[in-house]
Structure formats: C-alpha cells, structure tokens
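If you're matching them up, the sequences are chains A and B in order. Residue numbering for the first sequence follows numbering that gives the first Met the number 0, starting at 0 and increasing by one per position. Residue numbering for the second sequence follows numbering that gives the first Met the number 0, starting at 0 and increasing by one per position. Note that CB positions come from ideal geometry on N, CA and C, so glycine has one too. This report concerns only the one structure given below.
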Amino acid sequence: MNETLTDIFSIPVILIPLLPLLGFFVISLFGKQLKKSSGWLGSFTVIASFLCSLYIFLNLPAESSTTITISNWFYFKDIFIPIAFLIDSLTVTMLLVVTGVGALIHIYSIGYMHHDEGFSRFFSYLNLFIFFMLMLVMGSNYLIMFIGWEGVGLCSYLLIGFWFKNDAYNDAAKKAFIMNRIGDLGFLIGMFILLFHFGSLEYQNVFEKASLLGSGNFTLFAATLCLFIGAIGKSAQIPLYTWLPDAMAGPTPVSALIHAATMVTAGVYMIARSNILFALAPLTSTIILCVGIATAFFAAIIGLKQNDIKKVLAYSTVSQLGYMFAAIGVGAYKAAIFHVVTHAFFKALLFLGSGSVIHAMSGEQDIRKMGGLKKSLPITHFTFLIGTLAISGVPFFAGFFSKDEILASIYANQSLLLFTVLTITTVISAVYMFRLYFLTFLGDFRGTEDQKKHLHKSPATITVPLIILAILATLGGFLGMPEIFHAKHFLGDYLSSSITNNSANYASHYFEYGLILISIVVITIVIFSTYRFYVSKKNLPESDEIELNIFSKLVSNKFYVDEIYDKIFVRPLMLLSNLFLVLVDKLFIDLIVNLTGFLTVSSARVLRLIQSGNTGFYLFTMVICMVVLLLFQIFSII
Amino acid sequence: MLTLVLLLLPLISSAITLLFRGSTAKYFALLSAISNLIITVLAYFVFINTDLKGEETQNIFVFNHEWISSPKINFHIAMDGISYLMVFLTNLLLPLIILSGFKREINRSHIFYSLILFMQFALLGVFVSFDGILYYLFWELALIPIYFISLNWGDKNRVSVTIKFFIYTLAGSLLMLFGFICLYWYNPTHSFDWNDLTKFQVLSTHQGLIFWLFFVAYAIKIPIIPFHTWQPNTYQSAPTQGTMLLSGIMLKMGTYSLIRWLLPIVPTAVTEWTPLAIALCVAGIVYASVIAIMQTDLKKLLAYSSIAHVGLIAAGIFAWNIQGIQGSLIQMLAHGINVIGLFYCADIIFNRTQSNNINGLGGIRLTAPKFATYFLIIILGSIALPLTNGFIGEFLLLYGLFEYNTWLAIFGGLTIILGAVYMLRMYQKVALGNSLDANMKFEDVKGTEEIVLLTICILIFAFGVFPKPTLELVEPIAQFITDKAILK
Numbered sequence: 000m001n002e003t004l005t006d007i008f009s010i011p012v013i014l015i016p017l018l019p020l021l022g023f024f025v026i027s028l029f030g031k032q033l034k035k036s037s038g039w040l041g042s043f044t045v046i047a048s049f050l051c052s053l054y055i056f057l058n059l060p061a062e063s064s065t066t067i068t069i070s071n072w073f074y075f076k077d078i079f080i081p082i083a084f085l086i087d088s089l090t091v092t093m094l095l096v097v098t099g100v101g102a103l104i105h106i107y108s109i110g111y112m113h114h115d116e117g118f119s120r121f122f123s124y125l126n127l128f129i130f131f132m133l134m135l136v137m138g139s140n141y142l143i144m145f146i147g148w149e150g151v152g153l154c155s156y157l158l159i160g161f162w163f164k165n166d167a168y169n170d171a172a173k174k175a176f177i178m179n180r181i182g183d184l185g186f187l188i189g190m191f192i193l194l195f196h197f198g199s200l201e202y203q204n205v206f207e208k209a210s211l212l213g214s215g216n217f218t219l220f221a222a223t224l225c226l227f228i229g230a231i232g233k234s235a236q237i238p239l240y241t242w243l244p245d246a247m248a249g250p251t252p253v254s255a256l257i258h259a260a261t262m263v264t265a266g267v268y269m270i271a272r273s274n275i276l277f278a279l280a281p282l283t284s285t286i287i288l289c290v291g292i293a294t295a296f297f298a299a300i301i302g303l304k305q306n307d308i309k310k311v312l313a314y315s316t317v318s319q320l321g322y323m324f325a326a327i328g329v330g331a332y333k334a335a336i337f338h339v340v341t342h343a344f345f346k347a348l349l350f351l352g353s354g355s356v357i358h359a360m361s362g363e364q365d366i367r368k369m370g371g372l373k374k375s376l377p378i379t380h381f382t383f384l385i386g387t388l389a390i391s392g393v394p395f396f397a398g399f400f401s402k403d404e405i406l407a408s409i410y411a412n413q414s415l416l417l418f419t420v421l422t423i424t425t426v427i428s429a430v431y432m433f434r435l436y437f438l439t440f441l442g443d444f445r446g447t448e449d450q451k452k453h454l455h456k457s458p459a460t461i462t463v464p465l466i467i468l469a470i471l472a473t474l475g476g477f478l479g480m481p482e483i484f485h486a487k488h489f490l491g492d493y494l495s496s497s498i499t500n501n502s503a504n505y506a507s508h509y510f511e512y513g514l515i516l517i518s519i520v521v522i523t524i525v526i527f528s529t530y531r532f533y534v535s536k537k538n539l540p541e542s543d544e545i546e547l548n549i550f551s552k553l554v555s556n557k558f559y560v561d562e563i564y565d566k567i568f569v570r571p572l573m574l575l576s577n578l579f580l581v582l583v584d585k586l587f588i589d590l591i592v593n594l595t596g597f598l599t600v601s602s603a604r605v606l607r608l609i610q611s612g613n614t615g616f617y618l619f620t621m622v623i624c625m626v627v628l629l630l631f632q633i634f635s636i637i
Numbered sequence: 000m001l002t003l004v005l006l007l008l009p010l011i012s013s014a015i016t017l018l019f020r021g022s023t024a025k026y027f028a029l030l031s032a033i034s035n036l037i038i039t040v041l042a043y044f045v046f047i048n049t050d051l052k053g054e055e056t057q058n059i060f061v062f063n064h065e066w067i068s069s070p071k072i073n074f075h076i077a078m079d080g081i082s083y084l085m086v087f088l089t090n091l092l093l094p095l096i097i098l099s100g101f102k103r104e105i106n107r108s109h110i111f112y113s114l115i116l117f118m119q120f121a122l123l124g125v126f127v128s129f130d131g132i133l134y135y136l137f138w139e140l141a142l143i144p145i146y147f148i149s150l151n152w153g154d155k156n157r158v159s160v161t162i163k164f165f166i167y168t169l170a171g172s173l174l175m176l177f178g179f180i181c182l183y184w185y186n187p188t189h190s191f192d193w194n195d196l197t198k199f200q201v202l203s204t205h206q207g208l209i210f211w212l213f214f215v216a217y218a219i220k221i222p223i224i225p226f227h228t229w230q231p232n233t234y235q236s237a238p239t240q241g242t243m244l245l246s247g248i249m250l251k252m253g254t255y256s257l258i259r260w261l262l263p264i265v266p267t268a269v270t271e272w273t274p275l276a277i278a279l280c281v282a283g284i285v286y287a288s289v290i291a292i293m294q295t296d297l298k299k300l301l302a303y304s305s306i307a308h309v310g311l312i313a314a315g316i317f318a319w320n321i322q323g324i325q326g327s328l329i330q331m332l333a334h335g336i337n338v339i340g341l342f343y344c345a346d347i348i349f350n351r352t353q354s355n356n357i358n359g360l361g362g363i364r365l366t367a368p369k370f371a372t373y374f375l376i377i378i379l380g381s382i383a384l385p386l387t388n389g390f391i392g393e394f395l396l397l398y399g400l401f402e403y404n405t406w407l408a409i410f411g412g413l414t415i416i417l418g419a420v421y422m423l424r425m426y427q428k429v430a431l432g433n434s435l436d437a438n439m440k441f442e443d444v445k446g447t448e449e450i451v452l453l454t455i456c457i458l459i460f461a462f463g464v465f466p467k468p469t470l471e472l473v474e475p476i477a478q479f480i481t482d483k484a485i486l487k
C-alpha cells in the first residue's frame, strides 16, 4: 500500500521465509557432510528470521500494513493469484511467535536429538516446517495460506513418523495427515465459495466485498463454515481432534513446536485473519463457540486420566485450543490471539520440560513411574513449575491474563451456562496439570534402579531455552492486562489495525475483580487437594491404577472415540472397498464385458455353420434375400 | 513444417533402430527421443513469440496437403496450444521411458525400442492431426505397437489380458469411425477438417448420436467407469515401459480428444448429456479411489488411482469452463509425469524384491533412503500437495467443477482425502517400518535409475512452482473451446 514501506521492508520480509527454506535445502543435500553442525545451521536460519521479524516489528508502525508481491504465481480468467506477503500487526505477532519459539526449540533440539542417527534429517524437516508456517502466516491471499496450511501438514506427517521403523508411529503420522486433509477439503471448498462470489482470494479484496454484504448472509455463512472445518482439522477440535494425542509419537521438540506452539494454532490465526468474514456470520460464530467449549471441556476431562506425560499435555493442548475457539465464537479475536501467544510460551515450555524429563528417564513417559525428579532436575523442575502455574491460570502468570480475558468476554457476550462450563474446565485443567507436576517432580522416585542411576542433568542447549521460555511464560501476560490494572493492553492495541471486528463486549470491573478473587481461591484449593492426594499419601492413589467405576473407565479409554471412528468410518470404508472390487467391478461390470466377448465368440461359432461350402444352400439364401429386398422395396413405395 | 519434422523423426528412427543389435539400439532410441525433445523445446520459443488468438494459433506450424480428393481427406497437421502441450508431454516422457529400461535385460531389444519409437510417432500423430480421418488413422496406429509390446514383453497373463485390451479399445475405435462417417454425412461442408467441423456444426438432432459414438470410444480409452475393467489388468501385465506409455501418454489421447474432437464439434449434445457424463466421471473418482484403498498389488493400486485421477480430469473437461479446461490440460501433463514416476518406482521395487504385494514389503527406507525420498516426492505430487505439479491442476479442476455444481465438487473433492488414504497407506507398507525379510537388502538407486527419478522429481516441483507458462500456453485455445460452450 505504502510505497516507501514496501521498499524498506521487502528485503527482510523475503528473507524471513527464504532463510529456513535455504536451510532446508542445504541440510537435506549436504546433511552427511555437515554432521552435527546442521543443528546449528538450522537454528541459525530461524534466529536470523526472528531478527528480521524483530526488525519489522520495531520499524513498522502498528497501524500500517504493507503488501510485498514477489511474483504472479498464476492466473485464470481475470483471477490473479500472486505470491505476495501481507505484513501487518497480526502477521508480525505471529511471525515473532513462530520464529522466536521456533528458534528456541531448534536450539533445544540440538541437545535433545544429539544421539539420533537422523540428526540432520530432523533439522531439515524442522526448517521446512518453519518455512511453510511462515508462508501460512505471511501470505496475502488464501491460496498462499493454503500452501503453508498443507505444507505444515506434510512436515507434521514427516516429523510424527520421524522414527519410521516403528509402525505405530507411522500410523499416527498417517492419521494426522488424513484427518488434516478432511479439514483441508473444507478449506478448499471455502476458498471456492469466496472465489466464486468475490472473484478473488486476496484478503483485501475479499474483505472489502464481503463487508458490503449484510450480516447473516448465506454465502458468508457457507464460506466461513467451510473455512472453520479446515480449522477443526488443523487445530484438532471436535470431531477431528483424535490425531493430536497420537501425534505425540514424534520427537518431543516436534510436539512442542508443531503440536503445541505453532501449527495447531493456525486455525485460530486463519479465523482471526478473516475476522471480517466471521463477524458477519453469526451462525458460524455460534457453532464455533459451541465446538470450542465442548472441545475444551471434553479434552480436559480426558486429560485427567492420562498417564503418559506427553498425552496429558496433548489433551491439554486440545483443551486450550478449545478456549481460543470459544473466544473466537464470541468475537473476541484479540483475546484468542493473546491466548495463542501465551499458550505458545507456556505449552512449549511444558513440552520441552517433559522432553527433558523423558530424556533424563531414558525414554520413560509414564508419570506413574516417575516422581521425585525435583532434586535431580532442578532447572527442569523449576521451569516446569512455572509452566504449570501459567497454564493453570495462577494470577500474574501468562495464562492468567489471557484465560481471564476469554472467560470475561464469554461471560459478557453469552449465557451464564457456557461461562460456567468453561470455568469448570479451568478448574479441571488446574487439577490435571498439578497432578502431572506432583506425580513427576514430587514424592518418591518410582522408576527402576537403572533409571535412577542414569538420571542426569540436561545440557545447556536444553536448559537455556527452558529458562527463556519460563521468563516469557511468567511475564507474557503483561502484554495484555485487563483495564482494572490501569495498564495498557499492548497486544490488543497493537492488533487493532488488523483485527477490526473485535465485536466482543467487555465485562464490568466488578466482574473482573470477582474473577481474579475466585481464581485465587479455586487455584489454592486445587493445589492443596491435589497435593494431599498425590504427594502426602506417598503411594500412588488407587484410582490411578484400577478403574473404580464405569465413568473412570470411559475417561481412561478416551471415551472410545477412536474405536467408534474405527467402527463407523474405517471398517465400513474397507468393506466398501472390497465390495466395490469384488461385487461391482469383477462380478458385475467385468462380467458384462466378458459376456459380450463370449457371446460374440459363441454366436460366431453358430453362424460359422452356415458357411458349409454347399453352393446350393448359398444360392437358395441369395434368392430368398433378393425376394425379401424386393418385397421391402414394393411395400416402402406403397 | 516443424510439426512434420517432429512427427517423422520418430518414424525414421524407429525404422533405423531395427538395424541395430544389442545395446546400440537403446542408445540410438534414446538419442532420437532426446533430439525430438530438444526440437520440441525450441518450438516453444517460436510459440511464445507469436501472438495469435484462438483457432489461429495453429497457423505457424501447419502442414496441410490434399491426400484423398473424394471424400476430401487432407494430410493436415498443425499445433495449437493444446497440441503443443500434448506433443511436449509425449516427447518429454519418451526419453524417461526409454531410459527406465536401461538396467533391464530386454529380449530382442531392437524390436522393443523400435516399437516404442513407432508408438511415439503414432501418439504424436494423434495430437497434431487436424483432419478427422488422419486423426483416426493415428489413433488406430497407436494400438499396434502397444499390442505387440504387451504381448511379447509382458508377464505370464499377458496374452489374455492384451487381447481383451486390444479388442475392447478397438471396438471403441470402430464406434468413433462410424461417428466420423456420420459427421461427414451430416456436416454441410462434407469435410473431416477440424476447422470446418468446429465452424459449421451438425444439426442438433444429429449431434446426440455422434456424441455417444465418440464418447464411448473416449470413455474406453481414458477410461471412465464403467468402461475401465480392461485397465488394471493391462497395467499389471504389460512391461513397465508399456504401462508407462499407456498410463503416461496413451490415456491422454482420450482426454485430449474430449477437448479437441468432442466439445467443439457437437456442443449441443454435450450440453445435453453433460449431467450424465460428469456424473460418471465423478462417480469414477470416488469409486476407483475407494477400490484403491484395499488393493494389495502395487501396480493395480496405481492403476485404480490413475482411474480416479483421470476421472477428475474428464469431469473438469465436461464442466466446460476455462479453468476446467486449463486445469485438465495442466493436470494431463502432471499426471503423465507422476504416473510414470510411480510405475517406475513399482518397477524398481519389483526388480529388487520380485514382489508387487505391498503386504510383503517394508523397510525400504532403511537401506534405500534416496529411493524412498524420490518415491515420497512423486506420491506427494500425485496427492496434489501445493507447490507440486498436481496441485494447480487439481485446484483448477475442482474449481471448474464447483462452478458447474457445488455438490459434485465436494464429492469429487473427496479425492484429496481418499488419495492421501491409499497413497500413504501404500507408502507406509512399502517403504516404512521394518523390513519383513531381514536378509533382504534393498539396494538404493543409482545411475540411470537415479537420473530418471531425479528428473521426474525436478519436473514435479518445476511445474508446481511455475505453472504460469503452461497455463498461458493453453489459454487462447482453452478460451476458444469455452467460447463454443457459450455459443451453443
């Protein structure tokens, strides 16, 4: 838009995605020669991208935006699809999160993946992921976003199945890709609707034309619903969330980067980017609100009974994403993005912390076999505690502000019922997080002697990112404080230029005070009761070992959702496949084809008999035929 | 003139190849194919520097001489955007197809390569003919070399399978011949010339018959369900080079002909019957994809996936809007490249393990990382990941379909889900996991194998990242064909 801005920023903007892409190429082509230095090279490209993003953040005024067009990708009819980047405050926010957290996780991975034979391959995939993620957040139209959207799905597939010798991991990878593709079809159809009605996929054109339509327009409803289906797949919401817990098969840094901090929040980003469309589609927004709250609640319940350290965090991620969608559902897009940012900090921290634990425990992931790790892993313990406090919404940690903002906007905009459900979910989140924390770090060590001997502190490449993330998880909330503290909502103000339709109402001050007070009381109760339950008793509580009732059995088995999907989708599809092949293809269509051939051959066999070589018979036939022809002529003249 | 050179070069080379014995034949065949590719690429620069619109785009490469005076049949060959693209596809794939046989022991290889070059000649003839009878002759001519290739160099089931394939497609061709006779009869100009046939259309009362005669012929060739049952067995039994010729180029004869010889010639009947035709195509996409999911034979799986892909191409053509036509053309190119890549991978696997059964394979990536990577890239192209060649085509095709009918687009769009299901399932069983046979050491690709795979992978990204030249090339003629739909 602004000529001079375009000039100033074009080079750093192009460098941001280009550097990780170059990193990918260099590492994948020369991985063998680079050996362990590929880790530093991969990290360096992302750090450089982060610095470029920082440069743009510091120099681009919050209220302005710029579009940088690289080339015209293709066109048909009068529809042009350029490869172009839109840089505004929303993009910059996402850029800083993706490259910032991404860089930390890269550095962490150098230590974490040190002994892996696929070290270089790992970093090439990570760099490729960052490239696609950047395309996703930087694109100036939906198709460029879609490149990133599918590209991150590919990287997620490659990284979940990183240890490809294990077929369970491969299954998880495949499942993730396919479930994402279900969403992608929705995204694609959504794009078609926009293209058909607005003749463009450029955000600017689409939004301009869409805002001419009134609220509740059917086209917008259909388009936003389809786009939301895309978001359901990518951001693991009901009913397509089941891939995310399985995705924990990937190396832990991958879980932190892709399945917690960045990729899974792409759906939230996409909707926030399209806030103009979604604000005009109240019905879609209501659906989003319901899906978000249902997911948040449901996943939190499942999280209560998980024993795998990463699975607990995975369900917690699903649940937290549900919060973000709930916020979107009431039009609090800024609150959703705020939570994306703080969640990226504390969830990356928790995952990396869990990685450090798993590393120290020689691969053990069952929290029932841990305990007492506080002494052996002091830094991991301390940072993990901060992460736990942040995600539980303990006042003044990062999660507190963003979560309260979401709760407040839901209260102010919707019924008390939904607010209550979400508040209960917050309590449940605190319970499973403190259960996780207590079982892992406090109490007595419950692992084997072997593991105890091997317990070791993690190297600096692992602890430094943990410490930085811990600081962010502590202070991140101050980016957006509520009004009652008489502070500026930095992030909210910053985002104002890109999120123009933040239609959420704000809750009253009294309500805010009440919320804070209640939070403090509830959290304190939760901490004490879980402490009593899991630490004071010394032994593991019975309920964690055996199933006491049907409900707890249901929860431990994740409500059998995977099994149900298997029964109603996977099995029938396989059956249908065989049915088509055997019954339709072989027994019906091909039979007709072969029958035609057979009939031709057999009729030839019969007709062949006429050619007996008997001249008299030939003459006789000839005469008969001539008579018939003659008669035919006569009758047709008449 | 250039068209004639492109056409005759393979014919002459084919004859010369017969003179050689041993490995000289294959080198000569390769040389011929590469020279033809170079000429084709040079022709592109003539093309883009000539600014012509619509049907006139043929003018620069025309070679038109009277052949038979009554009925008037001309030796009329030319190239417009569509023809050029198909010629390019043929000449691009031929060196790869020839090269892919380099590591194999082939009996009587001089005859084998001679037949391949002859096939190239016939295929090129189909794509550049602008006279109906000439086109028909080439169409039938193309059947002869592939018949012998499949019959002599195929696997143990080759005889019955090849005969079925031959008779089935021949039956279709006969219908088409009859269709041309009808066209000649009913057309006011009494001509077989494409320009005449598109300018002066047959009365709409006669168009229905001609439509069906042509449609069935093409539906068998493409194949569109329910005319597809010859195909999986043929792909399985034919030698790899034969399968590549069939799937990479020959089935494009069908989709190409839909655009060239069906839509602009009997537009009224097409409009009338489109709902049925498009329903068949879209049903075929889902049907074939679903069958592919449970296939255990690698080649058959690829065959069914190919039915699904060309079903989408045909559906996009029948949607008959510019993005549908452009999408179908760019997808023909993409599908040609990807499908020969896939069959080549299947061939490499079969040659090392003597097995096509995906349940008995696994762990290839452990010992052959390069091969596994190339294989994955080709699969990604095939499931239309953005920035690979499959994406733009699929996007345009589905959008073309969407403009025609929303629900058909959603139904046809299932291909992006189902495609991922069967392809990733196959890849996992074949390449990932642990090797079932611990003694089996799958050798990684090198030499000519790697050259072929690397070239295919580069092409996959090249056309995915830079789709514009292809789209621009076919734009004028796609516009011309689409205009016929508006005038109908």
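Beta-carbon contacts of residue i that lie in its chain and below 7 Å, excluding the five residues immediately before and after
| i | result |
| --- | --- |
| T316/A | L243, H258, A259, V263, K346 |
| L127/A | F23, C154 |
| I76/B | T2, L3, L6, F62, V127, S128, F129 |
| S108/B | A24, K25 |
For residue i, the residue or residues it bridges with in DSSP
| i | result |
| --- | --- |
| A83/A | T68/A |
| I78/A | F75/A |
| N412/A | Bridge partners of N412/A: none, in fact. |
| E65/B | N73/B |
Burial state of residue i, where buried means 16 or more other Cβ atoms lie within 10 Å
| i | result |
| --- | --- |
| P274/B | exposed |
| R424/B | buried |
| L207/A | It should be noted that the sequence gives Glu, not Leu, for residue 207/A. E207/A should be labelled exposed. |
| L639/A | Lying before the first or after the last residue shown, residue 639/A is absent from chain A, which here runs from 0 to 637. |
| Q200/B | buried |
| P571/A | exposed |
Sequence-distant residues of its chain with Cβ nearer than 8 Å to residue i (five each side left out)
| i | result |
| --- | --- |
| D195/B | N186, T188 |
| L212/A | T218, L219, L279 |
DSSP three-state assignment for residue i, whether helix, strand or coil
| i | result |
| --- | --- |
| G53/B | At G53/B, the pLDDT of 48 sits below 50, so the modelled position is not reliable and the matter cannot be decided from this model. |
| F73/A | strand |
| N320/B | coil |
| D79/B | coil |
| E201/A | strand |
| D192/B | strand |
| N356/B | strand |
Same chain only: Cβ atoms within 6 Å of residue i, ignoring 5 sequence neighbours per side
| i | result |
| --- | --- |
| G442/A | G370, G371, V534 |
| K174/A | W242, D245 |
| I378/B | M422, Y426 |
| P263/B | T197, I480, K483 |
Do three or more CB pairs link the region 378 to 387 of chain B to the region 409 to 419 of chain B at distances below 8 Å?
yes
Please confirm if the region 303 to 316 of chain A is in contact with the region 62 to 80 of chain A, defined as three or more CB-CB distances below 8 Å between the two stretches.
no
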